[in-house]
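*Asks:*
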Amino acid sequence: MSTHAISDTAQAAGAKRHGNLVGHLFNRLGMLPVLIVLYLVFYGLTVYFSADGTSNFMTADNTMNILRQVAINLVLACGMTFVILTAGIDLSVGSMLAVSAVLGMLVSLPGHAPALAIPTFLIAGLVMGMLNGSMVSFLSINPFVVTLGTMTALRGAAYLFADGTTVLNQQIPSFEWIGNGDFLGLPWLIWIAAGVVLLSWFILKKTVLGLHIYAVGGNPQAARLTGIKVSFVLLFVYSISGFFSGLAGAMSSSRLYGANGNWGVGYELDAIAAVVLGGTSLMGGVGTIWGTVIGALIIGVMNNGLTILGLSSFWQYVAKGAVIVLAVILDKWRQKQAALN
Amino acid sequence: MMTNEVILEMSGINKRFGATRALSDMRLTIRAGEIHALMGENGAGKSTLMKILSGVYQPDSGQILLDGKPIAIKGPSDGRRAGINLIYQELSVSTNLTVAENVFMGSEPRGRFGLVDHASMRMWTNDVLKMLGAPFNADTHAGKLSIAEQQQVEIARALVHKGRVLIMDEPTAALSDRETEHLFRVVRKLRDEGIAVIYISHRMAEVHALADRVTVLRDGGYVGEMTRDELDPTRIVQMMVGRPLGDFYQHKAGRVPGRMMLEVENLSGAKVKPASFSVRAGEVVGLAGLVGAGRTELARLIFGADRKHSGEIRIDGQPVQTPDPLSAIKLGIGYLPEDRKGQGLFLQLSALTNTTLNVVSQHARAGIINHKALEKLTQDAIARLNIKVPGPAGIVGGLSGGNQQKVLLARWLEIKPRVLILDEPTRGVDVGAKSEIYRIIHELSLQGVAVVVISSELPEVIGICDRVVVMREGQITGEVSGDAVTQENIMTLATHAGEPAANAPVALQAA
Chain X
1 MSTHAISDTA QAAGAKRHGN LVGHLFNRLG MLPVLIVLYL VFYGLTVYFS ADGTSNFMTA
61 DNTMNILRQV AINLVLACGM TFVILTAGID LSVGSMLAVS AVLGMLVSLP GHAPALAIPT
121 FLIAGLVMGM LNGSMVSFLS INPFVVTLGT MTALRGAAYL FADGTTVLNQ QIPSFEWIGN
181 GDFLGLPWLI WIAAGVVLLS WFILKKTVLG LHIYAVGGNP QAARLTGIKV SFVLLFVYSI
241 SGFFSGLAGA MSSSRLYGAN GNWGVGYELD AIAAVVLGGT SLMGGVGTIW GTVIGALIIG
301 VMNNGLTILG LSSFWQYVAK GAVIVLAVIL DKWRQKQAAL N
Chain V
1 MMTNEVILEM SGINKRFGAT RALSDMRLTI RAGEIHALMG ENGAGKSTLM KILSGVYQPD
61 SGQILLDGKP IAIKGPSDGR RAGINLIYQE LSVSTNLTVA ENVFMGSEPR GRFGLVDHAS
121 MRMWTNDVLK MLGAPFNADT HAGKLSIAEQ QQVEIARALV HKGRVLIMDE PTAALSDRET
181 EHLFRVVRKL RDEGIAVIYI SHRMAEVHAL ADRVTVLRDG GYVGEMTRDE LDPTRIVQMM
241 VGRPLGDFYQ HKAGRVPGRM MLEVENLSGA KVKPASFSVR AGEVVGLAGL VGAGRTELAR
301 LIFGADRKHS GEIRIDGQPV QTPDPLSAIK LGIGYLPEDR KGQGLFLQLS ALTNTTLNVV
361 SQHARAGIIN HKALEKLTQD AIARLNIKVP GPAGIVGGLS GGNQQKVLLA RWLEIKPRVL
421 ILDEPTRGVD VGAKSEIYRI IHELSLQGVA VVVISSELPE VIGICDRVVV MREGQITGEV
481 SGDAVTQENI MTLATHAGEP AANAPVALQA A
């Protein structure tokens, strides 16, 4: 071995250490750097394309806008995180949102029971979620199939309940605040989303149930042999996903003073995208709620930024899809780095 | 045999993974027509060395000579082209395909118009299967084969490619004694055909029965090489661990069996005919038999993992019901499953979660976990069982087999079991960890736990058990205790040497 070769290996070792450091940092921060870079890129682009050299992207108003737009998807994505952690999937969140929105609005109509609107949203969502959960856990039907079925059937139910039109009601004192009120200078929509995030984090990180969710997702056989009630855990995750969908239904119908059978079409895909962007494994057992928050924000920033740039909605789809796939490729690389450490 | 030509020579092999040095200045010389055993503890670098040889990994430095000429093995296809085939510990047979399709997967022979030539594929496969003496043919669906038969499919895959060097990584880990015997015949036959077989195993008896030459590794380095005449188990173990081990199996002293702790009466299920046996507190009872004899199935019935057809279980004299694992755990029955990765561990989760999962509810108030208490429990378990893990937060998937097994064992110790059933507790575990697991079992018995050990390794059963219950074809065929616990007696009951299984159970007692 010549000295030259030795110095080569020393350099290689140095480079490797450097690589490990970057990988380690990525591992701790997850997708946060992607979010920050994306935000800065949009800031740069909006400045570059604006007439007067100022950006209307990085303003307090617009940031609030982004957060408000993210709120509903984030609530759905939190429920989706529970489900995906058990290696399941819930395709029916958009349809559950529509059904509970329509039912809640119907209840709020004059002559019905306006005061019971909020419980209606939530209970409708919970019941539909429990229906999904029962079929997955007690009948052992594949979650994709179960929720594909309920996605389709509940979409039809939403149209039927709304009688094919939009249920409008400008007088909704009992829940007008949800979509339009502020608290301490922040819209209630954002408070509610933050509350859902905190609740989800608490359940997943601090409770026995949360630990059991990770265990069932990681290895269902071992979970059973270790005395975990697997069917209860599955019932719970689909129920909470339904419950959050009902809440999201309340949020959207309050914001728009109405509901129809078409509400929430395609929302399940944005929710799944947020969860996957957040680094939660579709195989189950791995993932965090903070990842989901970052994932939802990435999607929100993209939607908002592309709109401000005036990109056609067709190009928005292309850009959004590309970023999702690229981000997940990056995440794979990140996990490989983590595995080497 | 000593005069055979050298076909493969590896020298100066170095390999690092991040900060871990997996191999340093490793060497290995393989001759044609020899069975060359590779021995070393888990993590000694055997598998890494073999993955370098078969092109799965690239060495950081070092040289590989094939027939005296240096070759570069850049990927698994290079390895196969050079005639080097690796059969993994975990079998990679696709159970949805036929045997022939499995054998030729990725190298399907092409016929007219570039279509797959099924006729030649079947013909060549059947030729190789005949040579191996396999009881199935090219058209059999791989899903119908036993583990041992699937292994033969893998061997066939290697041979059909005109392999010159065949690497087998722990091939007997999932085989019964009878299947192992058959595998040995196949391996010897391959050797006689001039193929070099590199054989990785933890089992001294196998190496002794099979190897023409042994290379020992320790901590990623070369320790020594021995020919068949120089083989000495004690010396090999010393070379592997770098220190004398003391009496390997001797863990029986001072046991005082107490009152009846576990009584099973006429317990039956899908694959178990009515079975009765009992274990006293402080007693270690072996459950022996060939693979498929129904030992695991019986254990799962007791533990409530499968549905019972009939029978009664008494714990500490009290009749109990175990409709599901949770109720068994609440009664103080623990069951360590044989497939630790598939049925025991949560590989993506931390040592803390894996260790404390059974008792987490006891350390929670209103469903909220007391994390500090769990961390303390885990740290205690790591210290007590000598588990090598970065800390309670360390991910279990990254640990060696022995340490994974200790984590799983720790989980069951947390429930303070009255009855602990250990199913193949030392499978795929290195010598050092094995001896520690024996020590733990012995300590449990001294604390008054009733321990049941299911094991396919007879020396182990004989070494650590006070009494051995033997099963065959789903039925308990007899029981041996005291000096009657011998390999011959157990094997007689396990195979029952020609007698029908319907006979009344035999009890052999020391005179």
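Protein chains in written order, with the UniProt record's numbering: chain X, 1 to 341; chain V, 1 to 511. C-beta atoms are modelled at their ideal positions from N, C-alpha and C, and glycine is treated no differently. Remember, predicted model here, so these are calculated numbers, not experimental data.
Out of Val127(X), Ser313(X), Ile228(X) and Val99(X), which has the shortest C-alpha to C-alpha gap to glycine 164(X)?
*Replies:* As a position in the first sequence, residue 164(X) is number 164, starting the count at 1. Checked all of Val127(X), Ser313(X), Ile228(X) and Val99(X); the closest Cα to glycine 164(X) is Val99(X).
*Asks:* Would you say residue 521(V) reaches chain X, if we count a Cβ-Cβ gap shorter than 9 Å as a contact?
*Replies:* Outside the shown range of chain V, which is 1 to 511, sits residue 521(V), and nothing can be said about it.
*Asks:* At what residue ranges does the stretch 247-313 of chain V contain a whole run of the beta strand (DSSP E), taking only runs of 3 or more?
*Replies:* For the stretch 247-313 of chain V, whole beta strand (DSSP E) runs of length 3 or above, ordered along the chain, are 260-269, 272-280 and 284-288.
*Asks:* Taking the C-alpha atoms as reference points, what is the distance between leucine 444(V) and valine 285(V)?
*Replies:* In the second sequence, residue 444(V) corresponds to position 444, counting from 1. In the second sequence, residue 285(V) corresponds to position 285, counting from 1. So the two alpha carbons sit approximately 13 Å from each other.
*Asks:* Shorter than 9 Å from the beta carbon of arginine 224(X) to some beta carbon of chain V?
*Replies:* Along the first sequence, read from residue 1 onward, the residue named residue 224(X) stands at position 224. Answer yes: the Cβ-Cβ gap between arginine 224(X) and chain V drops below 9 Å somewhere.
*Asks:* Is methionine 26(V) helix, strand or coil by DSSP?
*Replies:* Translated into positions along the second sequence, residue 26(V) becomes position 26. In the structure shown, methionine 26(V) sits in a strand (DSSP, three-state: E or B).
*Asks:* Which residue's Cα is closest to the Cα of leucine 409(V): Thr426(V), Ala366(V), Gly394(V) and Ala196(V)?
*Replies:* Start at 1 with the first residue of the second sequence, and residue 409(V) comes out as number 409. The residue with the shortest Cα to Cα distance from leucine 409(V) is Thr426(V).
*Asks:* Taking CB distances under 9 Å as the criterion, tell me whether leucine 199(X) reaches chain C.
*Replies:* No chain C appears in this structure, whose protein chains are X and V.
*Asks:* Going by beta carbon distance, what residues of the same chain come within less than 8 Å of arginine 224(X), once the five residues before and after it are set aside?
*Replies:* Locating residue 224(X) in the first sequence gives position 224, counting from the first residue. Closer than 8 Å at Cβ, skipping near neighbours: Val230.
*Asks:* Below 6 Å CB to CB, which residues in the same chain sit around isoleucine 141(X) once its five sequence neighbours on both sides are set aside?
*Replies:* Your numbering for residue 141(X) matches position 141 in the first sequence. For isoleucine 141(X), where only same-chain residues beyond five positions count, the Cβ hits under 6 Å are Met135.
*Asks:* Starting from the N-terminal side, write out each stretch of the beta strand (DSSP E) that is 3 residues or longer and does not extend beyond the stretch 330-379 of chain V.
*Replies:* Correct list: 333-336.
*Asks:* Name the chain V residues whose beta carbon is nearer than 9 Å to that of lysine 229(X)?
*Replies:* Along the first sequence, read from residue 1 onward, the residue named residue 229(X) stands at position 229. In chain order: Asp324 and Leu326.
*Asks:* Does any residue of chain X bring its CB to less than 9 Å from the CB of valine 360(V)?
*Replies:* The residue given as residue 360(V) occupies position 360 in the second sequence. At least one chain X Cβ lies under 9 Å of valine 360(V).
*Asks:* For my contact list, valine 360(V) and isoleucine 369(V) are in at a C-beta cut-off of 8 Å; report their separation, rounded to the angstrom.
*Replies:* Taking the first residue of the second sequence as 1, we reach residue 360(V) at position 360. Taking the first residue of the second sequence as 1, we reach residue 369(V) at position 369. Correct: roughly 6 Å between the Cβ atoms.
*Asks:* Could you tell me whether any non-hydrogen atom of the ligand ATP is closer than 8 Å to the CB of glycine 53(X)?
*Replies:* As far as ligands go, the structure on display features none, and thus does not contain the ligand ATP.
*Asks:* Suppose the cutoff is 6 Å on Cβ atoms and the five residues either side in sequence are ignored; what does the same chain contact list for valine 116(V) look like?
*Replies:* Position 116 of the second sequence, counted from the start, is the residue given in the question as residue 116(V). Glu108.
*Asks:* Residues of the stretch 337-349 of chain V in Cβ contact with chain X at a cutoff of 8 Å, in chain order, please.
*Replies:* Under the 8 Å Cβ criterion, the stretch 337-349 of chain V contributes Pro337, Gly342, Gln343, Gly344, Leu345, Phe346, Leu347, Gln348 and Leu349.
*Asks:* Going by Cα to Cα distance, which pick from Thr486(V), His371(V), Gly282(V) and Lys388(V) is closest to alanine 450(V)?
*Replies:* If you number the second sequence from 1, residue 450(V) lands on position 450. For alanine 450(V), the nearest C-alpha among the options comes from Gly282(V).
*Asks:* Only counting the same chain, and skipping five residues up and downstream in sequence, which positions put a Cβ closer than 6 Å to that of residue 394(X)?
*Replies:* The structure shown does not extend to residue 394(X), since chain X spans only 1 to 341, so no value can be given for it.
*Asks:* Note down, in chain order, all residues in the stretch 285-310 of chain X with a beta-carbon under 7 Å from any beta-carbon belonging to chain V.
*Replies:* Per Cβ criterion, the list reads Gly285 and Val286.
*Asks:* Can you give me the C-alpha to C-alpha distance between proline 274(V) and threonine 296(V), rounded to a whole angstrom?
*Replies:* Taking the second sequence and counting its residues from 1, one reaches residue 274(V) at position 274. Taking the second sequence and counting its residues from 1, one reaches residue 296(V) at position 296. Approximately 15 Å between the Cα atoms of the pair.
*Asks:* Any Cβ of chain X within less than 9 Å of the Cβ of phenylalanine 303(V)?
*Replies:* Counting from one through the second sequence, the residue named residue 303(V) turns up at place 303. Closer than 9 Å: yes.
*Asks:* Apply the 10 Å Cβ neighbour rule to serine 254(X) and answer buried if 16 or more other Cβ atoms are within range, or exposed otherwise.
*Replies:* Along the first sequence, one-based indexing puts residue 254(X) at 254. It is buried - the Cβ of serine 254(X) has at least 16 other Cβ atoms within 10 Å.
*Asks:* If we count the other Cβ atoms within 10 Å of its Cβ and call it buried at 16 or more, is phenylalanine 113(V) buried or exposed?
*Replies:* The residue you call residue 113(V) lines up with position 113 of the second sequence. Exposed, since its Cβ has fewer than 16 Cβ neighbours within 10 Å.
*Asks:* By the criterion of Cβ-Cβ separation under 8 Å, what are the contact partners of alanine 87(X) in chain V?
*Replies:* By 1-based counting over the first sequence, the position of residue 87(X) is 87. Simply none; closest approach about 11 Å.
*Asks:* Do glycine 249(X) and alanine 101(X) have their beta-carbon atoms positioned less than 9 Å apart in this structure?
*Replies:* For the purposes of this step, residue 101(X) is taken as the residue at position 101 of the first sequence. For the purposes of this step, residue 249(X) is taken as the residue at position 249 of the first sequence. Result yes, Cβ atoms of alanine 101(X) and glycine 249(X) sit closer than 9 Å.
*Asks:* Nearest by alpha-carbon distance to glycine 111(V): which of Val103(V), Ser120(V) and Phe104(V) is it?
*Replies:* Your numbering for residue 111(V) matches position 111 in the second sequence. The shortest Cα separation from glycine 111(V) among Val103(V), Ser120(V) and Phe104(V) belongs to Ser120(V).
*Asks:* Could you check which residue in Val216(V), Lys376(V), Val407(V) and Gly68(V) has the C-alpha nearest to that of isoleucine 437(V)?
*Replies:* Taking the second sequence and counting its residues from 1, one reaches residue 437(V) at position 437. Here the closest residue by C-alpha is Val407(V).
*Asks:* Do valine 196(X) and valine 75(X) come within 9 Å of each other at the CB atom, strictly closer than that value?
*Replies:* Here residue 75(X) corresponds to residue number 75 of the first sequence, with the count starting at 1. Here residue 196(X) corresponds to residue number 196 of the first sequence, with the count starting at 1. A contact, by the Cβ cut-off of 9 Å.
*Asks:* Could you name the residues of the stretch 356-386 of chain V whose beta carbon sits closer than 7 Å to any beta carbon of chain X, in the order they occur along the chain?
*Replies:* Under the 7 Å Cβ criterion, the stretch 356-386 of chain V contributes Leu357, Asn358, Val360, Ser361, Ala364, Gly367, Ile368 and Ile369.
*Asks:* What runs of the alpha helix (DSSP H), each 4 residues or longer, lie entirely inside the stretch 200-240 of chain X?
*Replies:* Within the stretch 200-240 of chain X, the complete alpha helix (DSSP H) runs of at least 4 residues are 208-218 and 220-225.
*Asks:* Please list the terminal residues of the continuous alpha helix (DSSP H) segment that includes aspartate 423(V).
*Replies:* Numbered from 1 along the second sequence, position 423 holds the residue referred to as residue 423(V). From DSSP, aspartate 423(V) is part of no alpha helix (DSSP H) but of the beta strand (DSSP E) over 419-423.
*Asks:* With DSSP as the reference, label serine 11(V) as helix, strand or coil.
*Replies:* Residue mapping note: residue 11(V) aligns to position 11 of the second sequence, counting from 1. The answer is strand: DSSP assigns serine 11(V) an E or B state.
*Asks:* Which residues in chain V have a C-beta closer than 8 Å to the C-beta of glycine 218(X)? List them in chain order.
*Replies:* To locate residue 218(X), count along the first sequence from 1; it is residue 218. Here the neighbours are Phe346, Leu347, Gln348 and Leu349.
*Asks:* According to DSSP, is histidine 182(V) helix, strand or coil?
*Replies:* Within the second sequence, residue 182(V) is the residue found at index 182, counting from 1. Residue state, collapsed to three classes: helix.
*Asks:* For chain V, find out if any of its Cβ atoms is closer than 9 Å to the Cβ of lysine 206(X); answer yes or no.
*Replies:* As a first step, residue 206(X) must be located in the first sequence, where it is residue number 206. So, interface residue.
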